[in-house]
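As numbered in the numbering used here, residues 84 to 278 make up the sequence shown, in order.
What follows is one structure encoded as structure tokens, with my remarks underneath.
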Amino acid sequence: MEPALLDRFIPRPDARERFETSIRAPAALVMQVATEFDMQSLPAVKAIFRLREALLGAKSQSPRQAQGILEETTRLGWGVLAEQPGRAVVCGATCQPWLADVRFSAIEPQEFAAHAEPDQVKIAWTLEAEEVAPGVTRFAQETRAVATDAGARAKFRHYWRWARFGIIAIRLLLLPAVRREAERRWAIERAGGSG
84 MEPALLDRFI PRPDARERFE TSIRAPAALV MQVATEFDMQ SLPAVKAIFR
134 LREALLGAKS QSPRQAQGIL EETTRLGWGV LAEQPGRAVV CGATCQPWLA
184 DVRFSAIEPQ EFAAHAEPDQ VKIAWTLEAE EVAPGVTRFA QETRAVATDA
234 GARAKFRHYW RWARFGIIAI RLLLLPAVRR EAERRWAIER AGGSG
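Here's what the structure looks like:
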């Protein structure tokens with residue numbers, strides 16, 4: 084896998100968060116679990132989203148259907164910037180994250196790095212699975228953000244001072260949940276059963 088998967092899209096971020104864990108399952112299975120995992124099936128993650136809505140005064144959201152991370156984010160307006168099937172996916176969008184009701188807009192992969200619409204923040208994130216030994220995968224999630232101008236950077240820094248704690252908490256809840264589910268499925272597959 085590329086050592087810095089996001090360098091093509093955001094080489095010099097204003098904010099960067101990366102988290103990794105080891106999972107006792109093959110990389111392709113880990114990626115399948117990760118992309119299909121419904122983050123809001125975790126009560127603490129759902130509470131973090133509701134807290135953000137309350138703090139910023141966001142409109143009440145209609146009930147959502149259970150959906151995987153990749154499906155949900157693309158429905159929200161994110162675009163897939165790059166994909167290595169069974170190993171990695173990179174998604175990205177531009178937005179104004181400090182707004183209560185954030186609208187994400189996809190940018191074509193070849194235009195993402197140079198995109199400079201004023202008063203925006205470009206955000207790109209990955210899900211990565213690298214098999215480091217037979218049946219052992221390093222699973223990582225990285226997020227990078229960069230503002231398109233000084234005004235957006237000031238607003239983003241003010242927002243990021245408090246919002247990063249919720250975003251980090253979501254990642255710290257997501258990684259072990261993906262690990263548990265991938266290891267559970269791998270144990271069933273090895274036993275020749277069904278789950």
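For glycine and all other residues, C-beta sits at the position ideal for the given N, C-alpha and C.
- When the beta-carbon positions are compared, residue 112 and residue 260 stay at least 8 Å from each other.
- Using a 10 angstroms sphere on the CB of residue 205, the tally of other CB atoms reaches 16 or more, which defines it as buried.
- Judged by pairs of C-beta atoms under 8 Å, the stretch 262-269 does not touch the stretch 233-241, as fewer than three such pairs exist.
- Taking 3 residues as the minimum length, the beta strand (DSSP E) runs contained wholly in the stretch 157-244 are 162-167, 171-178, 204-216 and 219-230, in order along the chain.
- Counting along the chain, residue 99 sits inside no alpha helix (DSSP H); it lies in the beta strand (DSSP E) bounded by residues 98-106.
- Judged by their CB atoms, residue 253 and residue 122 are nearer to each other than the 8 Å cut-off.
- Contact between the stretch 157-166 and the stretch 217-224 is absent: fewer than three C-beta pairs spanning the two stretches fall below 8 Å.
- In the DSSP assignment, residue 115 falls within the unbroken alpha helix (DSSP H) covering 110-119.
- The three-state reading of DSSP puts residue 270 in helix, counting H, G and I together.
- Judged by DSSP in its simplified three-state form, residue 93 adopts coil rather than helix or strand.
- Judged by DSSP in its simplified three-state form, residue 142 adopts coil rather than helix or strand.
- Just measuring C-alpha positions, the residue of 96, 193 and 181 sitting nearest residue 140 is 181.
- In this structure, residue 226 lies near residue 208, with their beta-carbon atoms less than 8 Å apart.
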